[in-house]
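S.K.: Pasting in a structure now, in C-alpha coordinates, and then I'll have a few things to ask.
Quick look at the structure:
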(Lines of atoms letter the chains of each structure in order from A and count residues from 1; the text may use other names and numbers.)
(Lines give C-alpha, C1' and ligand atoms only; values in the text may rest on other atoms or scores of the structure.)
Protein backbone atom coordinates (compact mmCIF):
# COMPACT_ATOMS: atom_id res chain seq x y z
CA UNK A 1 0.00 0.00 0.00
CA UNK A 2 1.40 3.39 -0.98
CA UNK A 3 1.12 6.20 1.56
CA UNK A 4 2.10 9.84 1.65
CA UNK A 5 0.90 11.52 4.79
CA UNK A 6 3.13 14.56 5.11
CA UNK A 7 1.65 16.38 2.08
CA UNK A 8 -1.98 17.36 2.26
CA UNK A 9 -2.72 17.19 -1.44
CA UNK A 10 -1.52 15.53 -4.60
CA UNK A 11 -0.82 18.94 -6.10
CA UNK A 12 1.73 19.69 -3.42
CA UNK A 13 3.34 16.28 -4.02
CA UNK A 14 3.58 17.00 -7.74
CA UNK A 15 5.21 20.36 -7.03
CA UNK A 16 7.77 18.67 -4.84
CA UNK A 17 8.65 16.20 -7.55
CA UNK A 18 9.06 19.00 -10.10
CA UNK A 19 11.31 20.82 -7.66
CA UNK A 20 13.70 17.88 -7.30
CA UNK A 21 17.26 18.92 -8.14
CA UNK A 22 18.62 18.15 -11.58
CA UNK A 23 22.21 17.99 -12.69
CA UNK A 24 25.14 15.65 -12.93
CA UNK A 25 24.29 13.51 -9.90
CA UNK A 26 23.81 9.84 -10.72
CA UNK A 27 20.58 9.23 -8.83
CA UNK A 28 19.98 5.59 -7.93
CA UNK A 29 18.01 3.54 -5.43
CA UNK A 30 19.77 1.99 -2.45
CA UNK A 31 19.83 -1.79 -2.43
CA UNK A 32 16.78 -3.33 -0.68
CA UNK A 33 18.91 -6.00 1.01
CA UNK A 34 22.40 -6.45 2.44
CA UNK A 35 22.56 -9.85 0.70
CA UNK A 36 23.44 -11.87 3.79
CA UNK A 37 23.80 -15.53 2.72
CA UNK A 38 21.11 -16.63 5.20
CA UNK A 39 18.71 -13.68 5.25
CA UNK A 40 19.27 -11.74 2.04
CA UNK A 41 16.18 -13.25 0.44
CA UNK A 42 13.91 -11.81 3.15
CA UNK A 43 15.32 -8.32 2.71
CA UNK A 44 17.47 -8.10 5.83
CA UNK A 45 19.57 -4.93 5.68
CA UNK A 46 19.78 -2.27 3.01
CA UNK A 47 22.37 -0.47 0.93
CA UNK A 48 23.10 3.09 -0.11
CA UNK A 49 23.65 4.70 3.27
CA UNK A 50 25.44 4.41 6.61
CA UNK A 51 23.45 5.00 9.80
CA UNK A 52 25.27 7.07 12.42
CA UNK A 53 22.70 7.29 15.22
CA UNK A 54 19.19 6.19 16.22
CA UNK A 55 17.03 8.20 18.62
CA UNK A 56 13.99 6.11 19.57
CA UNK A 57 10.98 7.49 21.40
CA UNK A 58 8.74 4.61 22.43
CA UNK A 59 5.52 4.46 24.45
CA UNK A 60 4.03 1.08 25.32
CA UNK A 61 0.83 0.10 27.08
CA UNK A 62 0.77 -3.59 28.12
CA UNK A 63 -3.01 -3.42 28.58
CA UNK A 64 -3.66 -2.62 24.91
CA UNK A 65 -0.30 -3.94 23.60
CA UNK A 66 -0.04 -0.81 21.45
CA UNK A 67 3.41 0.60 20.79
CA UNK A 68 3.71 4.23 19.66
CA UNK A 69 7.08 5.03 18.16
CA UNK A 70 9.00 7.98 16.84
CA UNK A 71 12.39 7.21 15.31
CA UNK A 72 14.97 9.80 14.32
CA UNK A 73 17.70 8.22 12.24
CA UNK A 74 20.84 10.15 11.35
CA UNK A 75 22.47 8.73 8.25
CA UNK A 76 24.98 9.52 5.52
CA UNK A 77 24.21 8.33 1.97
CA UNK A 78 27.04 6.44 0.29
CA UNK A 79 25.53 7.15 -3.13
CA UNK A 80 23.23 9.79 -4.58
CA UNK A 81 19.83 8.44 -3.52
CA UNK A 82 16.44 8.92 -5.06
CA UNK A 83 15.07 6.00 -3.04
CA UNK A 84 16.17 3.95 -0.04
CA UNK A 85 14.73 1.36 2.32
CA UNK A 86 14.46 0.89 6.05
CA UNK A 87 13.57 -2.49 7.53
CA UNK A 88 10.22 -2.35 9.34
CA UNK A 89 7.56 -5.03 9.69
CA UNK A 90 4.31 -3.21 8.95
CA UNK A 91 0.71 -4.33 9.11
CA UNK A 92 -0.52 -5.83 5.87
CA UNK A 93 -4.03 -6.58 4.66
CA UNK A 94 -5.51 -9.35 6.76
CA UNK A 95 -3.01 -8.97 9.62
CA UNK A 96 -4.27 -8.59 13.16
CA UNK A 97 -0.90 -7.26 14.36
CA UNK A 98 1.78 -5.07 12.89
CA UNK A 99 2.92 -1.47 12.70
CA UNK A 100 1.48 1.34 10.61
CA UNK A 101 3.57 4.36 9.57
CA UNK A 102 1.82 7.72 9.80
CA UNK A 103 4.61 10.09 8.82
CA UNK A 104 8.05 10.17 7.22
CA UNK A 105 10.07 13.39 7.05
CA UNK A 106 13.66 14.20 6.15
CA UNK A 107 15.76 17.13 7.28
CA UNK A 108 13.80 20.28 8.02
CA UNK A 109 10.50 18.40 7.98
CA UNK A 110 10.73 17.85 4.23
CA UNK A 111 7.97 15.38 3.27
CA UNK A 112 8.76 12.01 1.79
CA UNK A 113 6.68 9.52 -0.13
CA UNK A 114 6.85 6.02 1.26
CA UNK A 115 5.51 2.55 0.65
CA UNK A 116 4.95 -0.04 3.37
CA UNK A 117 5.80 -3.67 2.64
CA UNK A 118 6.08 -6.81 4.73
CA UNK A 119 9.69 -6.05 5.68
CA UNK A 120 10.52 -2.87 3.78
CA UNK A 121 9.67 0.77 4.31
CA UNK A 122 10.54 2.22 0.90
CA UNK A 123 11.23 5.97 1.03
CA UNK A 124 11.39 8.30 -1.98
CA UNK A 125 12.86 11.58 -0.68
CA UNK A 126 12.28 14.86 -2.49
CA UNK A 127 14.67 16.63 -2.68
CA UNK A 128 16.87 13.61 -3.25
CA UNK A 129 19.78 12.80 -0.98
CA UNK A 130 23.38 13.61 -1.91
CA UNK A 131 26.18 11.19 -1.12
CA UNK A 132 28.37 12.27 1.78
CA UNK A 133 25.91 14.66 3.41
CA UNK A 134 24.23 14.03 6.75
CA UNK A 135 20.44 13.71 6.92
CA UNK A 136 17.94 12.96 9.67
CA UNK A 137 15.03 10.70 8.76
CA UNK A 138 11.99 10.81 11.04
CA UNK A 139 9.45 7.99 11.12
CA UNK A 140 6.27 8.02 13.21
CA UNK A 141 4.49 4.70 13.62
CA UNK A 142 2.09 2.81 15.85
CA UNK A 143 0.43 -0.56 16.30
CA UNK A 144 0.61 -3.91 18.06
CA UNK A 145 4.07 -5.33 17.28
CA UNK A 146 3.90 -8.78 15.72
CA UNK A 147 6.16 -11.46 17.15
CA UNK A 148 8.84 -12.50 14.66
CA UNK A 149 9.04 -16.25 13.96
CA UNK A 150 12.47 -17.49 12.91
CA UNK A 151 13.24 -20.31 10.45
CA UNK A 152 13.98 -22.61 13.43
CA UNK A 153 10.51 -21.81 14.85
CA UNK A 154 11.90 -19.79 17.76
CA UNK A 155 10.48 -16.33 18.24
CA UNK A 156 11.83 -12.90 18.96
CA UNK A 157 11.30 -9.17 18.57
CA UNK A 158 8.80 -7.36 20.79
CA UNK A 159 7.64 -10.44 22.71
CA UNK A 160 4.55 -9.37 24.63
CA UNK A 161 3.89 -10.67 28.13
CA UNK A 162 1.55 -9.95 31.01
CA UNK A 163 3.36 -6.96 32.48
CA UNK A 164 5.28 -5.58 29.48
CA UNK A 165 7.53 -6.95 26.74
CA UNK A 166 10.68 -9.07 26.56
CA UNK A 167 12.61 -7.52 23.67
CA UNK A 168 15.22 -9.72 21.95
CA UNK A 169 16.22 -9.56 18.29
CA UNK A 170 18.70 -12.20 17.13
CA UNK A 171 18.79 -12.49 14.20
CA UNK A 172 15.88 -10.52 12.68
CA UNK A 173 13.62 -9.14 15.40
CA UNK A 174 14.60 -5.46 15.47
CA UNK A 175 12.37 -4.37 12.53
CA UNK A 176 9.44 -5.75 14.49
CA UNK A 177 9.53 -2.66 16.70
CA UNK A 178 11.61 0.09 15.07
CA UNK A 179 12.73 1.10 11.56
CA UNK A 180 16.36 0.12 11.05
CA UNK A 181 19.05 -0.85 8.66
CA UNK A 182 18.99 -4.40 10.02
CA UNK A 183 22.48 -5.17 8.75
CA UNK A 184 24.98 -6.05 11.48
CA UNK A 185 27.70 -4.33 9.46
CA UNK A 186 25.93 -0.97 9.84
CA UNK A 187 26.49 -0.29 13.53
CA UNK A 188 25.37 2.98 15.11
CA UNK A 189 24.97 4.66 18.49
CA UNK A 190 21.53 4.78 20.14
CA UNK A 191 19.42 6.70 22.59
CA UNK A 192 16.10 5.54 24.01
CA UNK A 193 13.19 7.31 25.69
CA UNK A 194 10.78 4.55 26.73
CA UNK A 195 7.46 5.48 28.34
CA UNK A 196 5.54 2.84 30.29
CA UNK A 197 2.78 2.80 32.92
CA UNK A 198 3.82 4.25 36.27
CA UNK A 199 5.35 1.52 38.42
CA UNK A 200 6.93 -0.32 35.50
CA UNK A 201 10.59 -0.14 34.50
CA UNK A 202 11.97 0.12 30.96
CA UNK A 203 15.48 -1.03 30.08
CA UNK A 204 17.49 0.17 27.09
CA UNK A 205 21.08 -0.44 26.09
CA UNK A 206 23.91 1.56 27.62
CA UNK A 207 23.82 3.94 30.56
CA UNK A 208 20.73 5.38 32.20
CA UNK A 209 20.41 9.08 31.45
CA UNK A 210 19.12 10.92 34.50
CA UNK A 211 16.34 9.73 36.78
CA UNK A 212 13.09 8.34 35.42
CA UNK A 213 10.38 11.00 35.07
CA UNK A 214 6.75 10.31 36.01
CA UNK A 215 3.79 12.38 34.87
CA UNK A 216 0.13 11.61 34.34
CA UNK A 217 0.42 7.99 35.38
CA UNK A 218 3.29 7.24 33.02
CA UNK A 219 7.05 7.03 33.52
CA UNK A 220 9.76 7.71 30.94
CA UNK A 221 13.11 5.95 31.19
CA UNK A 222 16.07 7.22 29.17
CA UNK A 223 19.13 5.24 28.12
CA UNK A 224 22.06 5.91 25.79
CA UNK A 225 24.50 3.49 24.17
CA UNK A 226 27.57 5.48 23.14
CA UNK A 227 29.40 2.60 21.42
CA UNK A 228 28.45 1.36 17.95
CA UNK A 229 25.83 -1.38 18.11
CA UNK A 230 24.25 -3.75 15.59
CA UNK A 231 20.46 -3.49 15.46
CA UNK A 232 19.94 -7.12 16.53
CA UNK A 233 21.61 -6.33 19.88
CA UNK A 234 19.15 -3.62 20.94
CA UNK A 235 16.53 -3.97 23.66
CA UNK A 236 13.69 -1.97 25.17
CA UNK A 237 12.47 -4.59 27.61
CA UNK A 238 9.87 -3.34 30.05
CA UNK A 239 7.74 -4.62 32.88
CA UNK A 240 7.48 -5.00 36.63
CA UNK A 241 11.17 -5.00 37.61
CA UNK A 242 13.43 -4.25 40.52
CA UNK A 243 16.36 -2.25 39.11
CA UNK A 244 19.70 -2.07 40.93
CA UNK A 245 23.10 -0.62 40.08
CA UNK A 246 26.52 -1.98 41.04
CA UNK A 247 29.99 -0.60 40.49
CA UNK A 248 32.25 -2.93 38.55
CA UNK A 249 35.93 -2.82 37.60
CA UNK A 250 37.27 0.69 36.92
CA UNK A 251 33.99 2.21 38.08
CA UNK A 252 31.89 0.42 35.45
CA UNK A 253 28.15 0.86 36.16
CA UNK A 254 26.35 -2.50 36.12
CA UNK A 255 22.54 -2.31 35.84
CA UNK A 256 20.51 -5.39 36.78
CA UNK A 257 16.76 -5.75 36.44
CA UNK A 258 14.80 -8.66 37.95
CA UNK A 259 11.12 -9.47 37.52
CA UNK A 260 9.75 -8.34 40.86
CA UNK A 261 6.56 -10.38 40.78
CA UNK A 262 6.13 -13.37 43.08
CA UNK A 263 5.68 -16.94 41.91
CA UNK A 264 1.94 -17.51 41.65
CA UNK A 265 -0.53 -18.77 39.10
CA UNK A 266 -1.59 -15.19 38.44
CA UNK A 267 1.84 -13.66 37.94
CA UNK A 268 4.25 -16.48 37.00
CA UNK A 269 7.06 -14.54 38.62
CA UNK A 270 10.16 -15.84 40.44
CA UNK A 271 10.02 -17.70 43.74
CA UNK A 272 12.12 -16.58 46.69
CA UNK A 273 14.61 -19.36 45.97
CA UNK A 274 14.88 -18.35 42.32
CA UNK A 275 15.38 -14.71 43.28
CA UNK A 276 18.20 -15.78 45.59
CA UNK A 277 19.85 -17.61 42.70
CA UNK A 278 19.56 -14.52 40.52
CA UNK A 279 20.95 -12.35 43.31
CA UNK A 280 23.99 -14.61 43.35
CA UNK A 281 24.46 -14.14 39.60
CA UNK A 282 24.17 -10.37 39.99
CA UNK A 283 26.73 -10.35 42.79
CA UNK A 284 29.10 -12.39 40.61
CA UNK A 285 28.99 -10.04 37.60
CA UNK A 286 31.87 -7.72 38.61
CA UNK A 287 34.16 -10.68 39.24
CA UNK A 288 33.19 -12.36 35.98
CA UNK A 289 33.90 -9.18 34.05
CA UNK A 290 37.26 -8.84 35.81
CA UNK A 291 38.33 -12.38 34.85
CA UNK A 292 37.17 -11.94 31.25
CA UNK A 293 39.01 -8.62 31.06
CA UNK A 294 42.23 -10.35 32.10
CA UNK A 295 41.67 -12.93 29.38
CA UNK A 296 40.36 -10.86 26.48
CA UNK A 297 41.37 -7.25 27.11
CA UNK A 298 39.49 -4.19 28.40
CA UNK A 299 35.73 -4.46 28.71
CA UNK A 300 34.48 -2.85 25.47
CA UNK A 301 31.56 -0.71 26.67
CA UNK A 302 30.79 2.03 29.20
CA UNK A 303 28.19 -0.01 31.09
CA UNK A 304 27.17 -3.61 31.75
CA UNK A 305 24.30 -5.48 33.31
CA UNK A 306 21.53 -8.00 32.75
CA UNK A 307 17.77 -8.53 32.77
CA UNK A 308 16.14 -11.57 34.40
CA UNK A 309 12.51 -11.98 33.34
CA UNK A 310 9.83 -14.50 32.51
CA UNK A 311 10.25 -13.75 28.84
CA UNK A 312 8.65 -16.86 27.40
CA UNK A 313 11.19 -17.38 24.61
CA UNK A 314 13.24 -20.15 26.18
CA UNK A 315 16.73 -18.70 25.69
CA UNK A 316 19.18 -16.06 26.84
CA UNK A 317 20.55 -13.39 24.51
CA UNK A 318 23.59 -11.12 24.60
CA UNK A 319 21.86 -7.76 24.01
CA UNK A 320 24.63 -5.16 24.14
CA UNK A 321 25.43 -4.17 27.76
CA UNK A 322 22.13 -5.82 28.88
CA UNK A 323 22.12 -9.60 28.40
CA UNK A 324 18.57 -10.95 28.53
CA UNK A 325 17.82 -14.05 30.62
CA UNK A 326 14.51 -15.87 30.27
CA UNK A 327 14.38 -17.46 33.71
CA UNK A 328 17.04 -17.77 36.38
CA UNK A 329 19.84 -18.97 34.02
CA UNK A 330 22.97 -20.80 35.18
CA UNK A 331 26.28 -19.24 36.20
CA UNK A 332 27.79 -20.63 32.98
CA UNK A 333 25.09 -18.87 30.94
CA UNK A 334 25.89 -15.57 32.66
CA UNK A 335 29.58 -16.03 31.81
CA UNK A 336 28.60 -16.92 28.24
CA UNK A 337 26.46 -13.80 27.71
CA UNK A 338 29.03 -11.49 29.32
CA UNK A 339 31.76 -12.98 27.11
CA UNK A 340 29.60 -12.07 24.13
CA UNK A 341 30.16 -8.42 24.98
CA UNK A 342 33.65 -8.93 23.56
CA UNK A 343 32.85 -11.57 20.95
CA UNK A 344 29.58 -11.00 19.14
CA UNK A 345 28.73 -7.50 20.37
CA UNK A 346 32.00 -5.58 20.08
CA UNK A 347 33.48 -7.88 17.42
CA UNK A 348 30.56 -8.92 15.23
CA UNK A 349 30.57 -11.25 12.21
CA UNK A 350 30.10 -9.81 8.75
CA UNK A 351 27.69 -12.60 7.78
CA UNK A 352 25.44 -14.94 9.77
CA UNK A 353 27.15 -18.16 8.59
CA UNK A 354 30.12 -17.01 10.71
CA UNK A 355 28.09 -17.26 13.92
CA UNK A 356 30.73 -19.58 15.43
CA UNK A 357 32.79 -16.40 15.94
CA UNK A 358 30.09 -15.47 18.48
CA UNK A 359 29.03 -18.75 19.99
CA UNK A 360 32.26 -20.74 19.85
CA UNK A 361 34.14 -17.92 21.56
CA UNK A 362 31.46 -17.60 24.26
CA UNK A 363 31.45 -21.36 24.89
CA UNK A 364 35.25 -21.36 25.17
CA UNK A 365 34.89 -18.45 27.60
CA UNK A 366 32.72 -20.64 29.83
CA UNK A 367 35.44 -23.32 29.86
CA UNK A 368 38.39 -21.02 30.44
CA UNK A 369 36.53 -19.03 33.11
CA UNK A 370 35.89 -22.29 34.97
CA UNK A 371 39.57 -23.16 34.66
CA UNK A 372 40.74 -19.75 35.86
CA UNK A 373 38.41 -19.82 38.89
CA UNK A 374 39.50 -23.19 40.24
CA UNK A 375 37.24 -25.58 38.34
CA UNK A 376 38.02 -28.18 35.72
CA UNK A 377 40.39 -27.21 32.93
CA UNK A 378 39.26 -26.20 29.46
CA UNK A 379 41.06 -29.29 28.18
CA UNK A 380 38.87 -31.53 30.34
CA UNK A 381 35.81 -29.75 28.92
CA UNK A 382 37.23 -30.31 25.43
CA UNK A 383 37.81 -34.00 26.14
CA UNK A 384 34.24 -34.44 27.37
CA UNK A 385 32.88 -32.83 24.21
CA UNK A 386 35.24 -34.86 22.02
CA UNK A 387 33.77 -38.05 23.50
CA UNK A 388 30.47 -37.23 21.78
CA UNK A 389 29.69 -39.93 19.18
CA UNK A 390 30.58 -39.25 15.55
CA UNK A 391 26.89 -39.27 14.66
CA UNK A 392 26.28 -36.10 16.72
CA UNK A 393 25.35 -32.96 14.81
CA UNK A 394 28.43 -31.20 16.23
CA UNK A 395 30.39 -33.43 13.84
CA UNK A 396 27.96 -33.92 10.93
CA UNK A 397 27.53 -30.14 10.60
CA UNK A 398 30.73 -28.09 10.49
CA UNK A 399 30.80 -24.73 12.33
CA UNK A 400 31.49 -22.92 9.06
CA UNK A 401 29.21 -25.25 7.12
CA UNK A 402 25.84 -24.53 8.72
CA UNK A 403 23.47 -25.14 5.80
CA UNK A 404 20.93 -22.40 6.38
CA UNK A 405 19.05 -20.13 8.79
CA UNK A 406 16.99 -22.97 10.27
CA UNK A 407 20.24 -24.36 11.70
CA UNK A 408 21.72 -21.00 12.67
CA UNK A 409 21.90 -21.93 16.35
CA UNK A 410 23.04 -25.49 15.80
CA UNK A 411 25.16 -26.87 18.63
CA UNK A 412 28.17 -27.19 16.34
CA UNK A 413 28.64 -23.40 16.39
CA UNK A 414 28.79 -23.51 20.18
CA UNK A 415 30.50 -26.75 21.16
CA UNK A 416 32.70 -27.48 18.16
CA UNK A 417 33.41 -23.77 17.85
CA UNK A 418 34.66 -23.74 21.44
CA UNK A 419 36.63 -26.93 20.81
CA UNK A 420 38.31 -25.25 17.84
CA UNK A 421 39.69 -22.57 20.13
CA UNK A 422 40.88 -25.01 22.79
CA UNK A 423 42.53 -27.18 20.12
CA UNK A 424 44.23 -24.08 18.72
CA UNK A 425 45.36 -23.11 22.21
CA UNK A 426 46.96 -26.55 22.67
CA UNK A 427 48.60 -26.34 19.25
CA UNK A 428 50.18 -22.89 19.47
CA UNK A 429 50.59 -22.55 23.26
CA UNK A 430 49.20 -20.13 25.84
CA UNK A 431 52.02 -17.62 25.31
CA UNK A 432 50.78 -17.08 21.75
CA UNK A 433 47.10 -17.94 22.06
CA UNK A 434 45.91 -15.48 24.70
CA UNK A 435 47.73 -12.42 23.30
CA UNK A 436 46.23 -13.41 19.94
CA UNK A 437 42.69 -13.40 21.41
CA UNK A 438 43.31 -9.96 22.93
CA UNK A 439 44.60 -8.72 19.58
CA UNK A 440 41.54 -10.18 17.82
CA UNK A 441 39.33 -8.03 19.99
CA UNK A 442 41.57 -4.94 19.92
CA UNK A 443 41.94 -5.00 16.13
CA UNK A 444 38.21 -5.45 15.46
CA UNK A 445 36.66 -3.58 18.39
CA UNK A 446 33.26 -2.11 17.48
CA UNK A 447 33.58 -3.58 13.98
CA UNK A 448 32.97 -6.72 11.97
CA UNK A 449 35.18 -9.63 11.02
CA UNK A 450 35.20 -12.99 9.23
CA UNK A 451 36.47 -16.52 9.75
CA UNK A 452 39.15 -15.80 7.17
CA UNK A 453 40.30 -12.80 9.23
CA UNK A 454 40.66 -15.01 12.30
CA UNK A 455 42.60 -17.67 10.42
CA UNK A 456 44.96 -15.03 9.05
CA UNK A 457 45.55 -13.64 12.55
CA UNK A 458 46.18 -17.10 14.02
CA UNK A 459 48.74 -17.87 11.33
CA UNK A 460 50.47 -14.50 11.73
CA UNK A 461 50.57 -14.78 15.52
CA UNK A 462 51.82 -18.37 15.59
CA UNK A 463 54.07 -18.31 12.54
CA UNK A 464 52.43 -21.60 11.53
CA UNK A 465 50.57 -22.65 8.40
CA UNK A 466 47.17 -23.68 9.77
CA UNK A 467 45.08 -24.48 6.69
CA UNK A 468 44.74 -28.17 7.58
CA UNK A 469 43.93 -27.43 11.21
CA UNK A 470 41.11 -25.01 10.42
CA UNK A 471 39.81 -27.15 7.56
CA UNK A 472 39.45 -30.11 9.95
CA UNK A 473 37.82 -28.12 12.74
CA UNK A 474 35.66 -25.59 10.92
CA UNK A 475 34.86 -26.87 7.44
CA UNK A 476 34.70 -30.69 7.39
CA UNK A 477 31.37 -32.33 8.42
CA UNK A 478 33.12 -35.21 10.16
CA UNK A 479 34.64 -35.91 13.56
CA UNK A 480 38.39 -35.10 13.53
CA UNK A 481 40.49 -38.21 13.97
CA UNK A 482 42.88 -38.29 16.94
CA UNK A 483 46.22 -36.76 16.00
CA UNK A 484 44.91 -35.36 12.70
CA UNK A 485 45.35 -31.75 13.73
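In this note's numbering, the protein residues as written are -13 to 471. Beta carbons are placed, not taken as given, at the ideal position from N, Cα and C, and that holds for glycine.
1) Along the chain, where does the alpha helix (DSSP H) containing residue 446 start, and where does it finish?
2) For residue 89 and chain C, any beta-carbon pair shorter than 8 angstroms?
3) What three-state label does DSSP hand residue 386 in the structure shown?
4) For residue 36 and residue 423, what's the separation of their Cα atoms in angstroms?
5) Just confirm the distance between the C-beta atoms of residue 245 and residue 169, as a whole number of angstroms; I'd bet it's less than 8 angstroms.
6) Have a look at residue 283 and residue 425 and give me their C-alpha separation to the nearest angstrom.
7) Look up residue 377 in the DSSP assignment and say whether it is helix, strand or coil.
8) On a CA-only basis, which of 105, 111, 330 is nearest residue 97? Give me that one, please.
9) Since residue 366 is in the alpha helix (DSSP H), which residue starts that stretch and which ends it?
10) From residue 58 to residue 17, what does the alpha carbon distance come to, in whole angstroms?
11) Between residue 243 and residue 293, is the Cβ-Cβ spacing less than 8 angstroms?
12) Please name the residue in 415, 251, 413 whose C-alpha comes closest to that of residue 148.
13) Check for me: the beta strand (DSSP E) holding residue 36 runs from which residue to which?
14) Given this structure, state the Cα-to-Cα distance separating residue 455 from residue 11, to the nearest angstrom.
15) From the DSSP output, in three-state form, read off residue 318 for me.
16) Could you say which of 256, 427, 328, 356 lies nearest to residue 314 if we only look at CA atoms?
17) With DSSP run on the structure shown, which of helix, strand or coil describes residue 217?
18) From the DSSP output, which residues share a beta bridge with residue 224?
19) Mind the definition here: the segment 376 to 383 touches the segment 451 to 465 only if three or more C-beta pairs lie below 8 angstroms; say whether that holds.
20) What does DSSP give as the partner residues of residue 110 in its beta bridges?
21) Is the segment 314 to 332 touching the segment 411 to 419 in the sense that three or more CB pairs, one from each, lie closer than 8 angstroms?
22) For residue 69, collect the residues of the same chain with a Cβ closer than 6 angstroms to its Cβ; drop the 5 residues on either side in sequence, then sort them by chain order.
23) Mark residue -6 as exposed unless 16 or more other C-beta atoms lie within 10 angstroms of its C-beta, in which case mark it buried.
24) Taking 6 angstroms as the limit between beta carbons, can you name the residues of its chain near residue 200, skipping five residues before and five after?
25) Count the CB pairs spanning the segment 112 to 123 and the segment 61 to 75 that are closer than 8 angstroms, and state whether there are at least three.
26) Figure out for me which residue from 397, 290, 163, 275 has the closest Cα to the Cα of residue 351.
M.R.: If we stick to the structure as given:
1) The residue given as residue 446 occupies position 460 in the chain shown. Per DSSP, residue 446 belongs to the alpha helix (DSSP H) from 437 to 448.
2) Absent from the structure is chain C; it holds one protein chain and no more.
3) As a working note, residue 386 is residue 400 in the chain shown. It is helical.
4) Within the chain shown, residue 36 is the residue found at index 50, counting from 1. Within the chain shown, residue 423 is the residue found at index 437, counting from 1. Answer to the nearest angstrom: the Cα atoms are 29 angstroms apart.
5) Walking along the chain shown from the start, residue 245 turns up at place 259. Walking along the chain shown from the start, residue 169 turns up at place 183. Actually they do not touch by this definition, with Cβ atoms about 32 angstroms apart.
6) Position 297 of the chain shown, counted from the first residue, corresponds to residue 283. Position 439 of the chain shown, counted from the first residue, corresponds to residue 425. So the two alpha carbons sit approximately 8 angstroms from each other.
7) Locating residue 377 in the chain shown gives position 391, where the first residue counts as 1. Coil, per DSSP.
8) Translated into positions along the chain shown, residue 97 becomes position 111. Per the Cα distances, 111.
9) On the chain shown, position 380 is the one that residue 366 refers to. That run of the alpha helix (DSSP H) goes 364 to 372.
10) Taking the chain shown and counting its residues from 1, one reaches residue 58 at position 72. Taking the chain shown and counting its residues from 1, one reaches residue 17 at position 31. Those two C-alpha atoms are separated by around 21 angstroms.
11) Along the chain shown, one-based indexing puts residue 243 at 257. Along the chain shown, one-based indexing puts residue 293 at 307. Cβ distance < 8 angstroms, so residue 243 and residue 293 count as in contact.
12) Here residue 148 corresponds to residue number 162 of the chain shown, with the count starting at 1. Cα-wise, what sits closest to residue 148 is 251.
13) In the chain shown, counting from the first residue as 1, residue 36 sits at position 50. Residue 36 -> beta strand (DSSP E) spans 35 to 47.
14) Here residue 455 refers to the residue found at position 469 of the chain shown. Here residue 11 refers to the residue found at position 25 of the chain shown. Spanning the two alpha carbons is a distance of roughly 50 angstroms.
15) Within the chain shown, residue 318 is the residue found at index 332, counting from 1. In this structure, residue 318 counts as helix in the three-state DSSP scheme.
16) By 1-based counting over the chain shown, the position of residue 314 is 328. When each option's Cα is compared against that of residue 314, the closest is 256.
17) As a working mapping, residue 217 is identified with position 231 in the chain shown. Helix at residue 217.
18) For this step, residue 224 is matched to residue 238 along the chain shown. Per DSSP, the beta-bridge partners of residue 224 are 151, 188.
19) yes
20) In the chain shown, counting from the first residue as 1, residue 110 sits at position 124. Residue 110 is bridged by DSSP to 99.
21) These segments do not touch.
22) Start at 1 with the first residue of the chain shown, and residue 69 comes out as number 83. If we look at residue 69 and ignore the five residues flanking it on each side, its Cβ neighbours are 15, 110.
23) The sequence position of residue -6 within the chain shown is 8, counting from 1. Because the pLDDT of residue -6 is 31, which lies under 50, any placement of that residue in the model is unreliable, and the question is left without a value.
24) Sequence index remark: in the chain shown, residue 200 carries index 214 (1-based). Taken in chain order, the residues that qualify are 184.
25) yes
26) Sequence index remark: in the chain shown, residue 351 carries index 365 (1-based). Considering only alpha carbons, the answer is 275.
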